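Read through the structure below, which is laid out as structure tokens, and then see the notes.
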Amino acid sequence: MTESWPRETGPRVLALGIGSPHGDDQIGWIVVRELEALLPGRMTAWTAQQPAELLDRLDGVDELIVCDACRSGCEAGSLHCWTWPVAALPAGGHSGSHDLSLPFVLALAERLGRLPRRVTIWGVELGQTAPDGPLTSAVRNAVPQLVRAIADDWCARASRQEGDDYA
Amino acid sequence: MTERVIRIEALTRVEGEGGLHVRLHDGVVEDVQLQIYEPPRLFEALLRGRLLEDVPDIVARICGICPVAYQMSSVHALEGALGVQISPAIRRLRRLLYCGEWIESHALHVYLLNAPDFLGFESGLEMAERFPNEVNRGLRMRKLGNRLLDVLGGRAIHPVNVTVGGFFRAPPVEAMQQLIPEFEWAVQAAIDTTHWVAGFDFPDFACDYELVSLVHPDEYPMNEGALAGSSGWTAPVSGFETEFGEQQVPHSTALHCVRAGTGRCYLVGPLARVALNREKLSPTARRVADDLRLTWPCCNPFQSIVARGLELIHAFEEALAILKSYEPAKPPRIRYEHRAGEGCAATEAPRGLLYHRYRVDEGGHVCEARIVPPTSQNQGQIEADLRAWLPAILSEPDDVVARRSENLVRCYDPCISCSTHFLHVVIERG
Chain A
-19 MTESWPRETG PRVLALGIGS PHGDDQIGWI VVRELEALLP GRMTAWTAQQ
31 PAELLDRLDG VDELIVCDAC RSGCEAGSLH CWTWPVAALP AGGHSGSHDL
81 SLPFVLALAE RLGRLPRRVT IWGVELGQTA PDGPLTSAVR NAVPQLVRAI
131 ADDWCARASR QEGDDYA
Chain B
288 MTERVIRIEA LTRVEGEGGL HVRLHDGVVE DVQLQIYEPP RLFEALLRGR
338 LLEDVPDIVA RICGICPVAY QMSSVHALEG ALGVQISPAI RRLRRLLYCG
388 EWIESHALHV YLLNAPDFLG FESGLEMAER FPNEVNRGLR MRKLGNRLLD
438 VLGGRAIHPV NVTVGGFFRA PPVEAMQQLI PEFEWAVQAA IDTTHWVAGF
488 DFPDFACDYE LVSLVHPDEY PMNEGALAGS SGWTAPVSGF ETEFGEQQVP
538 HSTALHCVRA GTGRCYLVGP LARVALNREK LSPTARRVAD DLRLTWPCCN
588 PFQSIVARGL ELIHAFEEAL AILKSYEPAK PPRIRYEHRA GEGCAATEAP
638 RGLLYHRYRV DEGGHVCEAR IVPPTSQNQG QIEADLRAWL PAILSEPDDV
688 VARRSENLVR CYDPCISCST HFLHVVIERG
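Protein chains in written order, with the working numbering: chain A, -19 to 147; chain B, 288 to 717.
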């Protein structure tokens, strides 16, 4: 499938949200949609249920922003940020075949020479994932801050890189 | 007398969680146990009291990689209970959906799970660096399987368009036609895949198998046919519970399925399907099967990967033919009235035969459900094959024995999650 990019020039940035319709697991989807709305023409948002779907979206991408729910024991709504490669997210950690994990998929794309130059992974600490349920209040209330933090980080890096990486 | 113990904590590149325990005494294999210790998932009990219309979507959750198989066996069984006859157009669409599942499942297993074993890599990641073109080819084929499931099933994982009586909605012609160019590419990609894997260096190992699959007079079996075994017997699917019995073993929470009467284990899956249905493969798949230097029936489990390649060719070729002649089924769903009844069906999941039986009441509620997944049927055979395989590798160091045991287990593409859940291997040498 050919991606339609918002601008003919400049870096092609893909904001990929991974999640499901269940409770706080929606957070990746919600954040990338709001990011696209906040930065019109600067990035393309895409939502996926499985990390493996990422492999179908990488052609022509210069920069990848991934947002997914995570669980580490921190307070719900907390934000984590990693720049790939990430030792804390071992690619070989998956044991089954049903779900190719995000680190595995990123590592596979890297070995196949298909991974963009810059990959940033944002993890949002989730609370509950009730089937078809809404976001918990903790995560819902954190959304504006999360989106702002990711956008600010990207804008700061983009301005530093402009005329450099993407010249 | 000496004892030798080898432990493998976790088998990778299989689906689910379990363990393998091997005990050796004076260099002789005393016992091999495929230990599935995860709690049973209790889907059969979960279904009781539910409306029968809920069943296809609930049983799809048994497996993330073969949900279509669970949906197909359930809808056919329930339609049997209700006396529903689906139209030829719906039947073709169901075969098309099944093609999508075979493609995504087989492509994943061939390229990322099984091929690394034959090429000396620890993982699909390692293999991808040395064989990027092959891995990209596999990923592209897998993507096509997922796209087909997405277009026809509503989404790639756990499709939502399947219902008792047919489909909620028949996809528009344009959406199906858009798939054709990529599927034309994929037929050749599947041929290349099959030749590639057929060239691997396979261990010289043959088993005395009772191969079991569906057989059909006119087609390669997917969602219809009679039961058949390589020793020459056939039986209607309604005789499944007479032909086969389930046994509880102390070391596994999953039941072992054996031939009734003899108590003999048997093999289901691609090797069995090709062995019993080779003449029903699509023309190209049959030609490639004939050209390969393999004797059919093939009873070397390591060569299951070749059978998967042939089924990839078949699935792409059959899917392409259906896509090219596609017209939306009208109606996409056959209406029915609830009534009390009982029905059973068996279809061919990527890993092998999948049997379902349901009894429903006049209000459409499930009174009883029975599900026998393929990995449950293969468990006993996997243990038997390991017993036969281990003497050939026991002179190797423990880590090598463990790895080569894992290699064999992976050849069956076991889905322990389906039969219940992760594999943890312990080998005791005495």
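Cβ atoms here follow ideal geometry from the backbone N, Cα and C, with glycine treated the same way.
Computed from a prediction, not measured in an experiment: that's the story for all the values here.
| Query | Result |
| --- | --- |
| On the three-state DSSP scale, how would you describe residue 10(A)? | helix |
| To the nearest angstrom, report how far apart residue 504(B) and residue 560(B) are at their CA atoms. | 14 Å |
| Can you tell me which residues form a DSSP beta bridge with residue 483(B)? | Beta-bridge pairing links residue 483(B) to no other residue. |
| Residues of chain B with a CB under 7 Å from the CB of residue 91(A): which are they? | 412, 415 and 416 |
| Measure the C-alpha to C-alpha separation of residue 29(A) and residue 291(B) and round it to an integer number of angstroms. | 46 Å |
| Say whether chain A places a C-beta atom closer than 8 Å to the C-beta of residue 423(B). | yes |
| Going by DSSP in three states, residue 74(A) sits in which element: helix, strand or coil? | Confidence in residue 74(A) is poor, its pLDDT being 47 and thus under 50, which makes the residue's placement unreliable; the coordinate value appears in the next sentence. Coil at residue 74(A), not helix or strand. |
| Compare the C-beta of residue 27(A) against all C-beta atoms of chain B and say whether one is closer than 8 Å. | no |
| Would you give the residue range spanned by the alpha helix (DSSP H) that residue 141(A) belongs to? | 117 to 141 |
| Apart from the five residues on each side of it in sequence, which residues of its chain come closer than 8 Å, Cβ to Cβ, to residue 429(B)? | 390, 391, 394, 395 and 398 |
| Using 8 Å as the limit for Cβ to Cβ distance, is residue 419(B) near chain A? | yes |
| When the cut-off is 8 Å and only beta carbons count, does residue 68(A) lie next to chain E? | Looking at the structure shown, chain E is missing, and the protein chains on hand are A and B. |
| Curious, which full-length alpha helix (DSSP H) runs of at least 4 residues does the segment 561 to 646 of chain B contain? | 570 to 578 and 591 to 611 |
| Where does residue 389(B) fall in DSSP's three states? | helix |
| Between residue 289(B) and chain A, is any beta-carbon pair separated by less than 8 Å? | no |
| Using a Cβ cut-off of 7 Å, pull out every chain A residue sitting near residue 444(B), in sequence order please. | 29 and 30 |
| Three-state secondary structure (DSSP) at residue 412(B)? | helix |
| CA-CA distance, residue 601(B) and residue 566(B)? | 12 Å |
| Which residues in chain A sit within 7 Å of residue 426(B), going by Cβ to Cβ distance? | 35 |
| For residue 536(B), which option in 319(B), 368(B) and 515(B) has the closest C-alpha, if you only look at C-alpha atoms? | 319(B) |
| Scan the segment 320 to 407 of chain B and note each continuous alpha helix (DSSP H) run of 4 residues or more that stays entirely inside, going in chain order. | 330 to 334, 342 to 346, 354 to 369, 375 to 395 and 402 to 406 |
| I'd like to check one pair, residue 371(B) with residue 452(B): are the Cβ atoms closer than 8 Å? | yes |
| Is any beta-carbon of chain B found at less than 8 Å from that of residue 87(A)? | yes |
| Cα separation between residue 14(A) and residue 378(B)? | 43 Å |
| Mind checking residue 692(B): buried by the 16 CB within 10 Å criterion, or exposed? | buried |
| Tell me, please, whether the segment 652 to 671 of chain B touches the segment 335 to 349 of chain B by the rule of three or more beta-carbon pairs shorter than 8 Å. | yes |
| How is the beta strand (DSSP E) around residue 100(A) delimited, first residue to last? | 98 to 105 |
| Is it true that the segment 99 to 109 of chain A meets the segment 44 to 62 of chain A, where meeting means three or more beta-carbon pairs spaced less than 8 Å apart? | yes |
| Thinking C-beta only, is residue 640(B) closer than 8 Å to residue 594(B)? | no |
| Let me confirm a value: residue 73(A) is counted as buried when at least 16 other C-beta atoms fall within 10 Å, else exposed. Which label applies? | Its pLDDT being 49, under 50, residue 73(A) is placed unreliably in this model, and the value from its coordinates should be taken loosely. Per the 10 Å Cβ criterion, exposed. |
| Scan the segment 551 to 575 of chain B for residues whose Cβ lies nearer than 7 Å to a Cβ of chain A and list them as they occur along the chain. | none |
| By Cβ distance, which residues of its chain are closer than 7 Å to residue 129(A), with the 5 residues on each side in sequence left out? | 59 |
| Inspect the CB distances between the segment 477 to 493 of chain B and the segment 437 to 447 of chain B and report whether three or more fall short of 8 Å. | no |
| Does the count of Cβ pairs from the segment 667 to 682 of chain B and the segment 485 to 502 of chain B closer than 8 Å reach three? | yes |
| Considering Cα atoms alone, identify which of 616(B), 555(B), 529(B) and 564(B) is closest to residue 547(B). | 529(B) |
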